[in-house]
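K.L.:
Just so you know, we're using our numbering here: the sequence shown kicks off at 3 and counts up by one. One structure, pasted below without further comment.
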Amino acid sequence: MITVLCLFVLDFHGHVKKYKRYYEYSNEYKPNAIIFGGDLLPMIPKMSN
Numbered sequence: 003m004i005t006v007l008c009l010f011v012l013d014f015h016g017h018v019k020k021y022k023r024y025y026e027y028s029n030e031y032k033p034n035a036i037i038f039g040g041d042l043l044p045m046i047p048k049m050s051n
């Protein structure tokens, strides 16, 4: 049997603490794949017309 460890994350919204925690977690568990689901950058307020 083959075991594959994948990490899936989303909704970081530019929060540096979340990136640091995820980096530490990935160094500890050594996943075979890392999948980013989106919303990695800070949210930008919508401009009103």
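All residues carry an ideal CB built from backbone N, CA and C; glycine is no exception.
Between Tyr31 and the rest of its own chain, which residues show a CB-CB distance below 7 Å, the 5 nearest in sequence each way excluded?
P.N.:
Leu7
K.L.:
In the DSSP assignment, find the unbroken alpha helix (DSSP H) run with Val6 in it and report its ends.
P.N.:
Note, Val6: premise wrong, no alpha helix (DSSP H); not H, not E.
K.L.:
On the DSSP letters alone, give me the boundaries of the beta strand (DSSP E) that Phe38 sits inside.
P.N.:
Ala35 to Phe38
K.L.:
With DSSP as the reference, please indicate the residues paired to Val11 in a beta bridge.
P.N.:
Phe38
K.L.:
Measure the alpha-carbon distance for Val46 versus His15 and round it to whole angstroms.
P.N.:
Note that residue 46 is Ile in the sequence shown here, rather than Val. Taking the straight line joining both Cα atoms gives about 10 Å.
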